Amino acid sequence: MSRDRQSFYLKRIVMGDLATNCYLLGCLKTNEAAVIDPAEESEILLDLIDEKGFQLNYIINTHGHGDHIGGNKQLKEKYSAKLLIHQLDEGMLINPQKNFSFYMEKPIQSPAPDDYLRDGMCLNLGLHRLYIIHTPGHSPGSVSIRLNHIIFTGDTLFKEGIGRTDLPGGSQPVLMHSIKEKLLGLDSSSEILPGHGPASTLKHELEYNPWL
Ligand SMILES: [Zn+2]
Ligand SMILES: [Zn+2]
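Just so we're aligned, residue 286 is where the sequence shown starts under our numbering, counting upward by one.
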């Protein structure tokens, strides 16, 4: 892992009213970069991208809830990045009622996606590969993203917790199936980086997560 870590950049920025983890990752060899879940417009994020000399290739939403997509528009306007989301959550991007931001202070409307995330697909990020894992349950189009031994789990799996399933489109049996069949079988030394809260490892979750 340390060898992998040396050749890519990874930074977590906590954003917005719901303290969403936004991640900036970049290949340090080619400067190609991606942002996962820009929760809101952020000068800090833009400054960081520019300061690193990154070329932003992808804006990736783990799902369509308002607290994960509020920065899409700003990033798309500034960079020629591709906006990607699973097709089943596409409707949430442009509809503040469907993404629940309608009920918060600032209704959020994102641009439409440029392409869809599909289970098993692989995105090239310079010398690195991002593997998309469809993990529905928190929302129908929720995905997790694996980069080497790091898994970005969105609102599917948290440190010692799981995503809520009481919102429209959520399903606890579907969520549990996703976690058990799609995530827990991965290398247990894998680090998990959730959409909210601290990082963990699969090994830690297998032992201490009360839901599993
Ligand atoms: Zn969510
Ligand atoms: Zn969230």
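We put the beta carbon where it would ideally sit given N, CA and C, even for glycine.
Please read these numbers as outputs of a predicted model, since none were measured by experiment.
Membership of residue 349 in any alpha helix (DSSP H) is not indicated, and neither H nor E is assigned to it by DSSP. The beta carbon of residue 361 sits closer than 8 Å to the beta carbons of 344, 368, 396 from its chain, once the five residues preceding and following it are set aside; these are given in chain order. Residues whose Cβ lies closer than 5 Å to any heavy atom of ligand 1, listed in chain order: 350, 440. In this structure, residue 436 lies near residue 475, with their beta-carbon atoms less than 7 Å apart. Scanning its chain for C-beta atoms nearer than 8 Å, with the 5 sequence neighbours on each side dropped, one finds around residue 302 the residues 352, 389, 390, in chain order. Here residue 445 has 493, 494 as same chain residues with Cβ atoms under 6 Å from its own Cβ, once five neighbours each way along the sequence are excluded.
As computed with DSSP, residue 476 is found in a beta bridge with 435, 486. In the structure shown, residue 429 adopts extended strand secondary structure according to DSSP, grouped into three states.
Sequence-distant Cβ neighbours of residue 485 in its own chain, meaning closer than 6 Å and more than five residues away, are 444, 477. With distances taken between CA atoms, residue 333 lies nearest to 308 out of 308, 451, 383, 387. Using a Cβ-Cβ distance cut-off of 8 Å, the stretch 313-323 and the stretch 447-462 are not in contact, since fewer than three pairs of beta carbons, one from each stretch, lie closer than that value.
Going by DSSP, residue 335 is part of the alpha helix (DSSP H) stretching over 328-336. Not one heavy atom of ligand 2 sits closer than 6 Å to the Cβ of residue 405. Taking C-alpha positions only, residue 469 is separated from residue 323 by approximately 26 Å.
Partner residues in the beta bridge of residue 446, as assigned by DSSP, are 443. Cβ-Cβ separation between residue 417 and residue 405: approximately 7 Å, consistent with a contact (criterion under 8 Å).
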